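A.B. asks: First the structure, then my questions, so here it is.
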Amino acid sequence: MGGVQRAVSEWQKLPLSLTELCIDTTLRCGQSFRWRKIDDEWHCVLQGCIISLKQDAAHLHYRAIWPSHKQKLSAAVAPRTPLSLTYSCPSPRVKEEQDDGVQVASASVSAHDSDVDDDDGTARFLRSYFALSHSLSAMYEQWASSDANFARRAPAFTGIRILNQDAWETLVAFICSSNNNISRISQMVHKLCLHYGPYIGTVAGETFHDFPGPEALAGTRVEAHLRELGFGYRAKYIAETARIVATERPAGWLRQLRNPECPALDALGGGGVGDAKEEKNAEPTAPSYRATHEALVELSGVGPKVSDCVCLMGLGWGEAVPVDTHVWQIAQRDYAFGKGGKSKTFSKATYDAVGDHFRKIWGPHAGWAQSVLFTANLKSFSQQASGAKAEVSSAAIKVEEAKETTALAGKPAARVTKRKTVVTEVSSAVVKVEEITETTALVGKPAARVKKRKTVVAKVALKLEDDDIQVAEAKISTLRTSKRLRTRA
DNA sequence: ACGGGACCTGACAA
DNA sequence: ATTGTCAGGTCCC
1 MGGVQRAVSE
11 WQKLPLSLTE
21 LCIDTTLRCG
31 QSFRWRKIDD
41 EWHCVLQGCI
51 ISLKQDAAHL
61 HYRAIWPSHK
71 QKLSAAVAPR
81 TPLSLTYSCP
91 SPRVKEEQDD
101 GVQVASASVS
111 AHDSDVDDDD
121 GTARFLRSYF
131 ALSHSLSAMY
141 EQWASSDANF
151 ARRAPAFTGI
161 RILNQDAWET
171 LVAFICSSNN
181 NISRISQMVH
191 KLCLHYGPYI
201 GTVAGETFHD
211 FPGPEALAGT
221 RVEAHLRELG
231 FGYRAKYIAE
241 TARIVATERP
251 AGWLRQLRNP
261 ECPALDALGG
271 GGVGDAKEEK
281 NAEPTAPSYR
291 ATHEALVELS
301 GVGPKVSDCV
311 CLMGLGWGEA
321 VPVDTHVWQI
331 AQRDYAFGKG
341 GKSKTFSKAT
351 YDAVGDHFRK
361 IWGPHAGWAQ
371 SVLFTANLKS
381 FSQQASGAKA
391 EVSSAAIKVE
401 EAKETTALAG
411 KPAARVTKRK
421 TVVTEVSSAV
431 VKVEEITETT
441 ALVGKPAARV
451 KKRKTVVAKV
461 ALKLEDDDIQ
471 VAEAKISTLR
481 TSKRLRTRA
């Protein structure tokens, strides 16, 4: 540790249960589109640092990797105007090779790291990013107690939190999300970082860039370039919104739209990084969810749904309920929406009605609860639902067996029954349960015994219906009944 | 105000 | 293989 300054911190850990936070779900359920999982570790650039995470049952393990010129990077949002369409990695940078295959962009000017040991800063940042001050299990209980449907769906999807993300990044990411799928949204957000964001470092051979600021995306050629990159009609929205935010709104405009009860993301460097240059503009309107929602809708490509996503995940308004196709489906299927003659089709009035309903039954963090049901409804997570339910189902079968065995045990030991259950997954929706029973009967004289072996195979098909597992078939067939075997001692 | 299309693209199922 | 549908919607008429 002598000569070369390292910008990679050691792994640290934060005590945290999986019911309070499950990163495997939270980082994949369509809130952030930027986290990448490599060999059981999650990585993402936040505030100019590469944050790495892994989790076990008791702890969230984390480490931060930052370039020594991080201060400069986080302050320099502006000077990124791509002149070349194929601009990607700024090459003329010194890279420091680390032991574990980690490279970090390093400005040759300062070979001096400020805060390698400052991991409290990272911990504070993570508590803020994951909004850990709220007890998630307590909130789940509250939502479940006031809503039977939530109580039914949520047990298979614990640990889903709303991330406290950067507002600008959230805004752009969800402009990309319109009429789109998570896979492609992630690709698009990645392209934005790659082509317009500053290079931060390399982990396991993969390069990591930060998310570009509004100024970087406000150029006149951005729209055409983004179209070439496959953004489709969203290219115009992004360029327009970037221009508006960069030039037609006061500095710190987005920050002023935050929920005051949910403080802004803590600075990673332990303070001093954020430029406290705004805040002087007198904003007479008291910040509120409604006002924030209206202000965002003014932007290009931002309708009510995208606005609510930014309110919820980027600005700390927990009551914001983004109503998308999934939530609309849920509202119709589980909350009797669209049944009455009025709101059969989906209108703005319907949108507001759905949100109001969920705010009414779930309370001030309705958006958090929405995220749980949304995730449970995602196709990419349906296997998790069926898998969990199959487990529950097979557990129930085993309980039945145990009861039977207990009943037998009470009798004088005329026979001994041994049972075994084999559960095999046929598909994501169908599970085969084989029950093998061996009965050994003891008859006659002590010396002689009759052994009767019977094998019963029970096939239980579990069908996925409305995302709900039901036992569609419980057929018991005797495959083989062996003859009596007479043995002698 | 309300209803209906168009809109880029790519993955995935018939 | 081609075609159709769907994906965390928004804009415009």
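Take the first sequence: its position 131, counted from the start at 1, is 131 in the UniProt record's numbering, and no numbers get skipped. Glycine included, C-beta positions come from ideal geometry on N, C-alpha and C. Only a predicted model underlies this, so the values are computations on that prediction, with no experimental measurement involved.
(1) When DSSP labels each residue in this structure, what does Thr158 get in the three-state scheme?
(2) CB-CB under 6 Å to Ala173, same chain, minus the five flanking residues each way: which ones, in chain order?
(3) Would DSSP call Gln165 helix, strand or coil?
(4) Less than 7 Å between the CB of Val306 and some heavy atom of the ligand HEM, yes or no?
(5) At what residue ranges does the region 182 to 253 contain a whole run of the alpha helix (DSSP H), taking only runs of 4 or more?
(6) If the criterion is Cβ atoms closer than 8 Å, does the pair Gln165 and Gly301 meet it?
(7) Identify whether Ser9 lies in helix, strand or coil by the three-state DSSP scheme.
(8) Check this for me: beta carbons of Thr202 and Gln329, under 8 Å apart or not?
(9) Name the two residues that bound the continuous beta strand (DSSP E) containing Trp42.
(10) Report, in whole angstroms, the separation of the C-beta atoms of Phe130 and Arg161, which I expect to be a contact under 8 Å.
(11) What are the boundary residues of the beta strand (DSSP E) that includes Ser52?
(12) When burial is assigned at 16 or more other CB atoms within 10 Å of the CB, is Ala224 buried or exposed?
(13) Buried or exposed for Asn259, please, with buried defined as at least 16 other CB atoms from any protein chain shown within 10 angstroms of its CB.
(14) Quick one: give me the first and last residue of the alpha helix (DSSP H) that Arg359 is part of.
(15) Where Ala336 and Val354 are concerned, what is the direct C-alpha to C-alpha distance, given to the nearest angstrom?
(16) Between the Cα of Gly230 and those of Lys191, Cys311, Thr19, spot the shortest distance and give me the residue it belongs to.
(17) Please state whether DSSP places Thr437 in a helix, a strand or coil.
(18) Residue 543 and Pro322 look like a contact to me (Cβ under 8 Å); what is the Cβ gap, rounded to whole Å?
(19) Mind reading off the beta-carbon distance from Val372 to Phe157? Whole number of angstroms is fine, and I expect it under 8 Å.
(20) Pick from Trp168, Ala58, Gln384, Ala349: whose alpha carbon is nearest that of Gln47?
(21) Could you check if Asp266 is buried or exposed, using at least 16 other CB atoms within 10 Å of its CB as the buried criterion?
C.D. replies: Judging by the given coordinates:
(1) In the structure shown, Thr158 sits in coil (DSSP, three-state: anything other than H, G, I, E or B).
(2) Excluding residues within five positions, the ones whose Cβ falls inside 6 Å are Phe33, Val189.
(3) It is coil, neither helix nor strand.
(4) Among the ligands in the structure shown, none appear at all, so the ligand HEM cannot be discussed.
(5) List check, alpha helix (DSSP H) in window: 182 to 196, 222 to 228, 234 to 243.
(6) Taking the C-beta atoms as reference points, Gly301 is found no nearer than 8 Å to Gln165.
(7) Of the three classes helix, strand and coil, the one that applies to Ser9 here is coil, per DSSP.
(8) Not in contact: Thr202 and Gln329 (Cβ atoms no closer than 8 Å).
(9) Here the beta strand (DSSP E) through Trp42 covers 41 to 46.
(10) Phe130 to Arg161, Cβ: 6 Å. Contact.
(11) Taken as a continuous stretch (DSSP letters only), the beta strand (DSSP E) holding Ser52 covers 49 to 55.
(12) That one is exposed.
(13) The residue in question, Asn259, is buried, as its Cβ has 16 or more Cβ neighbours within 10 Å.
(14) Counting along the chain, the unbroken alpha helix (DSSP H) around Arg359 starts and ends at 348 to 362.
(15) About 10 Å.
(16) Ranking the options by Cα distance to Gly230, first place goes to Lys191.
(17) Bear in mind that a pLDDT of 34 at Thr437, under 50, signals an unreliable position, so the number given afterwards is only what the model happens to contain. Per DSSP, reduced to three states, the secondary structure at Thr437 is strand.
(18) In the structure as shown, the chain starts at 1 and stops at 489, and residue 543 therefore has no counterpart that could be examined.
(19) With a Cβ gap of about 6 Å, Val372 and Phe157 count as contacting.
(20) With distances taken between Cα atoms, Gln47 lies closest to Trp168.
(21) Classification of Asp266: buried, given that the 10 Å Cβ count is 16 or more.
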